[in-house]
Structures are given as C-alpha cells and as structure tokens.
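A.B. asks: One structure, as structure tokens, below. Some questions next.
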Amino acid sequence: MIQPKKVFRTADGKLGFEWTDGSRGASSIRKLRCACPCALCVDEHTGVKLLDDSTVPEDIKLVKVQSVGRYAASLAFSDGHNSGIYPYDKLKELTDLA
Numbered sequence: 033m034i035q036p037k038k039v040f041r042t043a044d045g046k047l048g049f050e051w052t053d054g055s056r057g058a059s060s061i062r063k064l065r066c067a068c069p070c071a072l073c074v075d076e077h078t079g080v081k082l083l084d085d086s087t088v089p090e091d092i093k094l095v096k097v098q099s100v101g102r103y104a105a106s107l108a109f110s111d112g113h114n115s116g117i118y119p120y121d122k123l124k125e126l127t128d129l130a
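Counting from 1 along the sequence shown, just add 32 to a position and that's the residue number in the numbering used here.
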C-alpha cells in the first residue's frame, strides 16, 4: 500500500508528497479540488462527476490536510468544501512526478 512519507508545500504553492516507494510529486490545489471524490462532487451510483470545475476559483487555497487512517487524507479548501477523502493511491495519480 502506497503512503506518503512526507507531505509539504512547494515553492509555487502546490501540495507535494514524498511516497514510500521513493517517488516524489506535487499537485496544484485547484487540481485536487476539481478531482474531489466525495458524494457531492461525484455521483455515488454512476460515478458521473457532478462538480462543475468552472465553479472552483483559480486561486483556491488548501486550508487543512488531515490523515484518515493509513489509507487516505482529508482535504479542506478555502471555498468551504471539506468532505472529500482522497485515498493515497488517488493522490499519487493526481501528482505530477518530479
């Protein structure tokens, strides 16, 4: 199971990760918000995305990152959205590897 060894902010404001497999990567905060997997953003039954990306501010900020067990992270954003639980494998997919 992939897990982050280190979570950090990059100089350009991205959320960065150093993973247990030795890889490193980062993702923009907006990209993470637009990829939220919660039931408000993705239909639970069909998997169809409900979130309209155009409603997500370009300058959205990350307010809080919290570990959820050993498998995921909960992210809270400046637009008030905080219900997404991002499994670590999904977070790794969303990062641009360095």
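Idealized CB from N, CA, C, for every residue including glycine.
In angstroms with no decimal places, state the Cα-to-Cα distance between Asn-114 and Leu-64.
C.D. replies: Answer to the nearest angstrom: the Cα atoms are 12 Å apart.
A.B. asks: Which value, in whole angstroms, describes the spacing of the CA atoms of Gln-9 and Ser-106?
C.D. replies: Here the chain has residues from 33 to 130 only, and residue 9 is not among them.
A.B. asks: Identify, in the order they occur along the chain, each residue of the same chain with its Cβ nearer than 6 Å to the Cβ of Cys-68, setting aside the five sequence neighbours on each side.
C.D. replies: So the qualifying residues of the chain are Gly-116.
A.B. asks: Taking Ala-138 as the reference, which of Cys-66, Asp-75, Leu-94 has the closest Cα?
C.D. replies: What the structure shows of the chain is the stretch from 33 to 130, and residue 138 is not part of that stretch, so it cannot be assessed.
A.B. asks: Contact check, Ala-58 vs Asp-128 under 8 Å by CB: the rounded distance?
C.D. replies: Right, their Cβ atoms sit about 6 Å apart.
A.B. asks: Helix, strand or coil for Lys-124 per DSSP?
C.D. replies: Helix, per DSSP.
A.B. asks: Can you say whether Ala-104 is buried or exposed, counting buried as having 16 or more other CB atoms within 10 angstroms of its CB?
C.D. replies: Ala-104 should be labelled buried.
A.B. asks: Measure the alpha-carbon distance for Asp-53 versus Pro-36 and round it to whole angstroms.
C.D. replies: Roughly 9 Å separates the two Cα atoms.
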